[in-house]
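Asker: Have a look at the structure that comes next, please.
Number of protein chains: 2
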Amino acid sequence: MTRQQLIDQITKKGSYLCVGLDTDIEKLPAHLKGQPDAVLTFNKAIIDATKDHCVSYKINTAFYESQGLKGWEIMAETLAYIPDTHFTIADAKRGDIGNTSAQYAKTFFEVLPFDAVTVAPYMGEDSVRPFLEYKDKWTIVLGLTSNAGSFNFQRLPLEHKNGKQLYEQVLQTTCEWGTPENLMFVVGATRASDLEYIRSIIPDHFLLVPGVGAQGGSLEEVSKYGLNKDAGLLVNASRAVIFASSGEDYAAAAKKMAQEYQTEMSIYLS
Amino acid sequence: MTRQQLIDQITKKGSYLCVGLDTDIEKLPAHLKGQPDAVLTFNKAIIDATKDHCVSYKINTAFYESQGLKGWEIMAETLAYIPDTHFTIADAKRGDIGNTSAQYAKTFFEVLPFDAVTVAPYMGEDSVRPFLEYKDKWTIVLGLTSNAGSFNFQRLPLEHKNGKQLYEQVLQTTCEWGTPENLMFVVGATRASDLEYIRSIIPDHFLLVPGVGAQGGSLEEVSKYGLNKDAGLLVNASRAVIFASSGEDYAAAAKKMAQEYQTEMSIYLS
């Protein structure tokens, strides 16, 4: 999917919501547990219920890998079920030396035809480049994450850089390898004020913002500081949407939550 | 596998060689290409040929994931074929927020019963902890890698730390989360002199050293600076061993290479 196609979808829907399919088998509604294909049934119902209110789905690969072969099968079937109009993200946080990253890129852009994959920056340029070489595909590099551990390394100030922190250098250096047409960044929502600063460093790139909802981020603040002239945001909600109810009404409850996000987002967009 | 069991294997064999099963389907010997189960046939022959000369096998998950479901099946079958005496590593470079890392730990310690998994440190403590919680399993955290991109971020000097570089901080901070009984580090071999310095920071931990062979590192230098009283090294060779020959004699050629490493290692150990 191109940047313009993504922007068009956001404009059309009045939504920059990404629904995270972190489908934890332990958290499925009781009536589905133990059924064959419970995860796939759940995912399809969630997609049917939310697709009019979001522009993107993010599949957290860890929850599928941990189910073994069956999990990879369900990941492929879930991806195939997502409408072409929606921007699909493999949240896989891969990254290795060049010849190995090329294999990961093949996995998530060819074998499983996602639009985007998340990538960890620690190993540097040759670990990111193979992903960027695919036309009309997107590389979403970890910038500043929303978890407690982001303070261990991402926020360390660098020498001779006027107090610049590691994550800022990651944003700036990585920008040299790609363009706003094929590169996004993960920026957590737990400190929305950081977003204002990040927007001053990277005004044009799309940001994938997790941490709204279950992790406590505020959609209003994220939107205030994160939106740019092209929207430039994909705000992800996972548990807050897909596990909004643990009863038989889980799909309706997910729809209601997604719709609430959409209604709020349409205000911030206008 | 416990630390003592690993040390015993190294002592018994006079080898700290880890054979990397980066089985690139494009590089298989011509007579195997196109055969059903070519990768599995190849891996089994390599394991049979090298098992007396190495103490560990490292499966680079990227090369299996890129083959889709079939690849995951072959990864499982390869792992099952490796003798219990050998230390098995999933070179997967995973890492995410806590609930997601817990799923990855389940994948590589339970669903696929590896002894160890490689983990990327960028997201900090809660991304590493879930792996460390497994008894008699190992977490191998990226410290200083051997690729060109290691200069982008890993070697950046930090402020107010007397010139300490990011990777040094990663080694020191991560050491607080685990022990030499459940934590190792990836340290690349391309600049062996770095190893001397790294040994002064972490004298006790095992180091997994890639980059010997195809990537140009010297086994002599790595051993000189990296060995400690318990050996403390696993030196990985992938392409240099498994693709030593592209002909029908590939297994014999791999055995010869592994045996050469073992012979040299036994000298450094004594």
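Protein chains in written order, with UniProt numbering: chain A, 1 to 270; chain B, 1 to 270. Where a beta carbon is used, it is the ideal one built from N, C-alpha and C, also for glycine.
1) Please report how far the alpha carbon of A/V209 lies from the alpha carbon of B/K33, in whole angstroms.
2) Assign A/K12 to one of two classes, buried (16 or more other C-beta atoms within 10 Å of its C-beta) or exposed (fewer than that).
3) Roughly how many angstroms lie between the CA atoms of B/Q172 and B/G124, to the nearest whole one?
4) Looking only at its own chain, which residues have a Cβ that is under 6 angstroms from the Cβ of B/P157, when we skip the five neighbours before and after it?
5) Using a Cβ-Cβ cut-off of less than 9 angstroms, give me the residues of the stretch 14-35 of chain A that come near chain B, in sequence order.
6) Using a 10 Å radius around the Cβ and a threshold of 16 neighbouring Cβ atoms, would you call A/Q35 buried or exposed?
7) With a threshold of 8 angstroms on Cβ separation, who are the neighbours of B/E220 within its own chain once the five nearest residues in sequence on each side are excluded?
8) Less than 9 angstroms between CB atoms is the rule here; does A/P157 satisfy it with respect to chain B?
9) What is the DSSP secondary structure of A/L166, counted as helix, strand or coil?
10) What do you get for A/W261, buried or exposed, if any count of 16 or more other CB atoms within 10 angstroms of its CB means buried?
11) Grab me the residues of A/T78's own chain with a C-beta within less than 6 angstroms of its C-beta, minus the 5 sequence neighbours each way, in chain order.
12) Would you give the residue range spanned by the beta strand (DSSP E) that residue 350 of chain A belongs to?
13) Does the stretch 112-130 of chain A come into contact with the stretch 167-187 of chain A, if we say contact requires no fewer than three beta-carbon pairs (one atom in each stretch) closer than 8 angstroms?
14) Return the first residue and the last residue of the beta strand (DSSP E) that A/S56 is part of.
15) Since I believe A/A254 is in contact with A/A49 (beta carbons under 8 angstroms), could you give me their beta-carbon distance rounded to a whole number of angstroms?
16) Relative to the C-alpha of A/S223, which candidate in A/K161, A/S266, A/G98 has its C-alpha closest?
17) Starting from the Cα of residue 283 of chain B, find the closest Cα among B/V212, B/L40, B/V19, B/G211 and give me that residue.
18) Output the distance between the C-alpha atoms of A/S146 and B/A120, rounded to the nearest integer angstrom.
19) Interface residues of chain A around B/R94 at Cβ under 8 angstroms?
20) Among B/T2, B/K58, B/L21, B/E65, which has the Cα closest to the Cα of B/A244?
21) Counting only Cβ pairs nearer than 8 angstroms, list the residues of chain B close to A/V170.
22) Going by DSSP, what residue range makes up the alpha helix (DSSP H) through B/K93?
Answerer: Per the coordinate set shown:
1) 44 angstroms
2) exposed
3) 12 angstroms
4) G163, Q165
5) D22, D24
6) exposed
7) E264, Y268
8) yes
9) helix
10) The question names Trp, yet the displayed sequence has Tyr at residue 261 of chain A. That one is buried.
11) N43
12) Residue 350 of chain A lies beyond the stretch modelled for chain A, which goes from 1 to 270, so this question has no answer here.
13) yes
14) 56-60
15) 5 angstroms
16) A/S266
17) Here chain B covers residues 1 to 270 and nothing more, so residue 283 of chain B does not appear.
18) 16 angstroms
19) A62, K93
20) B/L21
21) F153
22) Element bounds for B/K93: not the alpha helix (DSSP H) but the beta strand (DSSP E), 87-94.
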